[in-house]
Every structure is written in C-alpha cells, then in structure tokens.
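Encoded as structure tokens, the structure appears first; notes follow it.
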Amino acid sequence: MSQQNPNQHTAQTKVAEAIKTDAPVREFFGATTDNTVYANGTHIIGFGFDGTACFRKGTRNGPDGLRAVSEDIESYSPYLDADLFDHAFYDLGNLSLGSSDDVEAQWQHASDQFDEIFQSLDLQANNVRVLTLGGEHSISYAPIRKYLQQYPDLVLLHLDAHADLRDGFLGYHYSHASIIRRSLDHFGPSHELIQYGIRSGTREEYQYMNEHRTVRKSRKDFLDSVAAIADDRPIYLTLDLDYFDPAFLPGTGTPEPGGEDFHSYVSLMKLLRGKNLVGADVVELSPEIDPTGNSDVFAAKIVRELLIILNEKGAR
Ligand SMILES: [Mn+2]
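Add 216 to the 1-based position in the sequence shown for this note's numbering, that's all there is to it.
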C-alpha cells in the first residue's frame with residue numbers, strides 16, 4: 217500500500233533550504249520531500265546516529281525503519297478522530313554523518329547540519345515545527361537547543377525510562393545518557409523541565425530530580441502537570457521510546473521493565489492537542505533489536521499521533 221497525501225502542496229511559502237541532507241530511502245507517510253522548509257508546516261528530519269550507545273546499537277536505522285512501516289499503517293487516528301492527511305507535512309530526509317570514522321565527529325557533522333538548516337530561521341514567526349527522528353538520544357541536543365533559544369518560556373517534556381542527567385558518560389560529553397543535563401546548560405529563567413517515566417538512574421540523578429522537582433512520580437501527577445500548563449505556552453516533547461514497557465516496544469537499546477503503555481500515551485496526546493506543542497523528537501528506535509517489526513509499527517503510530525497534533529497547529 218502506497219499512501220499519498222492529497223494536501224502535500226498546500227503550504228507553499230518557502231522559508232529555508234535544506235539541501236544538504238541525504239535523501240530518505242522512503243518518505244514518511246507520503247510526505248513531500250523536496251528539501252525545502254515551508255512556513256506553517258511540520259517537518260520531519262532524520263538523525264540516524266548510534267555512536268555513543270553503550271548497550272546495544274541499531275538506532276542508526278531508526279528513521280528509515282519508521283519510514284518503511286509508515287506505508288502500511290492507517291493515516292487516520294481513531295484516538296484523535298483526525299487524519300494525518302488533513303494537512304501538509306514535509307520530510308527533509310536524513311542528516312548526513314559525514315565521512316569521518318570518529319563517532320564524535322559524525323555527531324558533530326549532523327548536528328552542525330541541523331543548525332545550518334534552522335539557525336537563521338525564526339520558527340515562531342514562520343510557524344515552522346520540526347519533528348526529529350533518532351537515532352540515539354544524544355541527537356536531541358541540536359533541536360532542543362534551537363527550541364530553547366526560540367522560546368524563552370518553553371516547557372521541555374522529557375519522557376524516558378532514564379534520567380539522562382549524567383554529566384557525560386563513557387567519555388562522551390554529549391552522550392545519550394547526558395542529553396537532559398546538556399539541555400539544562402541552555403536553560404533560561406523561564407524554561408521548565410518536566411520528566412516522567414523515569415525508572416533508572418544514579419543516586420545523584422535522583423537527588424537532582426527530587427531537589428528540582430522535575431520528575432513526576434505517578435501518571436496522574438504527570439497528566440495533571442501537563443493539564444496545568446497554560447494553553448498558549450510552548451511545549452517541546454523529547455520522547456525516548458524506552459519510556460514504554462519493553463513488553464510493548466522491545467526494539468530499543470536500553471530497555472527497562474515497568475514502563476508505560478500506548479493508552480497512557482493517547483491520554484497525553486489528547487491533552488497536548490489543546491496545548492501549544494511546537495516541536496518534538498522521537499528517539500532510540502532500533503529496528504534490528506526487534507526482528508518481528510512490531511516495535512517499528514508501535515513507534516510509527518506514536519509518531520503519527522504527534523504529527524497530527526503538530527499539523528493542527530499549522531492550520532490555525
Ligand atoms: Mn532512555
């Protein structure tokens with residue numbers, strides 16, 4: 217089944233060029249792929265990097281794994297009673313890792329490319345939303361930093377099994393285990409961090425979360441916190457797929473038992489729909505770890521719901 221988005225040419229105000237990305241193997245859900253950033257549009261970009269992964273790799277193929285299964289799942293979401301094809305969205309392809317064998321150089325190359333595309337672009341004025349697909353969690357650094365710079369009152373929602381607050385890990389300053397810590401380096405006085413799903417970390421990470429009250433410890437507390445965010449306050453979601461229980465989504469590098477299910481995610485999406493979600497990333501899908509392919513399908517549906525919500529913001 218090949219899907220085509222009938223609305224793919226409706227939002228045509230070009231605001232930036234993204235000419236240097238590698239072309240995607242397949243576009244996501246029939247999105248337009250002409251390496252152009254459009255005003256009032258949601259843009260997918262792949263950052264398939266797994267260099268600092270400590271346990272099991274394979275997230276390098278996450279973006280293309282998602283694109284591959286997107287052809288075979290419905291564009292209509294019964295949870296939101298909305299169709300992905302109600303609005304235009306774009307697939308900018310995959311950032312290039314460059315030609316170096318050094319993993320830090322690869323990460324830097326692709327991060328620089330992300331910066332190059334979006335650096336001079338005012339996301340807010342042009343109503344441009346970016347959904348970055350990983351890759352391991354370290355890839356979120358460039359998009360989160362960009363969003364923190366653009367939105368001085370941004371709420372960073374962090375869904376993950378891991379606290380990711382280490383000050384570097386296994387010698388990597390920008391490790392997948394440090395991504396939230398590195399994001400905090402760019403926090404201003406009105407930024408806010410809300411973490412949920414965390415069930416693994418060091419004593420120091422837990423001390424930090426408890427002291428700064430960043431972590432929500434029950435689903436109800438978490439959903440209440442999201443509901444309490446002012447409707448127009450910008451929200452960025454960074455979603456590590458190991459947030460979900462490995463029984464549902466085993467295809468991830470660092471699985472932790474005791475995770476969330478799809479229904480709790482739907483509850484969050486219904487809440488976020490009434491809020492001002494401005495960008496997101498979905499990371500840590502490793503297609504090769506789950507040969508059944510179920511994890512890819514699960515993750516593609518996670519991305520579909522997010523895309524629908526981001527798209528609706530463009531339609532306002
Ligand atoms: Mn994690």
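Glycine included, every Cβ here is placed at the ideal spot set by N, Cα and C. Since this is a predicted model, take the numbers as computed values, not measurements.
- Rounded to the nearest angstrom, the Cβ distance from Q366 to Q340 is 6 Å, consistent with a contact under 8 Å.
- Note on the region 350-417: whole beta strand (DSSP E) runs with a minimum of 3 residues are 371-375, 408-412, in chain order.
- Taking 8 Å as the cut-off, the beta carbon of L522 is found no closer than this to the beta carbon of L484.
- V319: member of the alpha helix (DSSP H) spanning 319-334, first to last residue.
- Ranked by Cα distance from D376, the first of L308, L465, S327 is L465.
- With at least 16 other beta carbons inside 10 angstroms of its own, G264 counts as buried.
- Our two residues, W323 and Y390, have alpha carbons roughly 9 Å apart in a direct line.
- For Q411 against V431, the beta-carbon gap comes to about 5 Å, under 8 Å, which counts as contact.
- In this structure, R361 and L381 do not form a Cβ contact; the two beta carbons are roughly 17 Å apart against a cut-off of 8 Å.
- Taking Y306 as reference, the option from N510, T252, G281 with the minimal CA-CA separation is T252.
- With a cut-off of 7 Å, the C-beta of D456 is classified as near ligand 1, since at least one heavy atom of the ligand falls inside that distance.
- Going by beta carbons, V499 and S356 fall inside the 8 Å limit.
- When Cβ pairs closer than 8 Å are counted between the two stretches, the region 504-515 is seen not to touch the region 292-300, the count staying below three.
- Taking C-alpha positions only, L337 is separated from V231 by approximately 8 Å.
- When DSSP states are grouped into helix, strand and coil, T470 belongs to the coil group.
- Taken through DSSP and simplified to helix, strand or coil, S316 comes out as coil.
- The three-state secondary structure of K230, taken from DSSP, is strand.
- Inclusion of I414 and S354 in the CB contact set at 8 Å is not warranted, their separation being larger than that value.
- In the three-state reduction of the DSSP assignment, Y481 falls in the helix class, which pools H, G and I.
- Counting along the chain, the unbroken alpha helix (DSSP H) around A341 starts and ends at 339-342.
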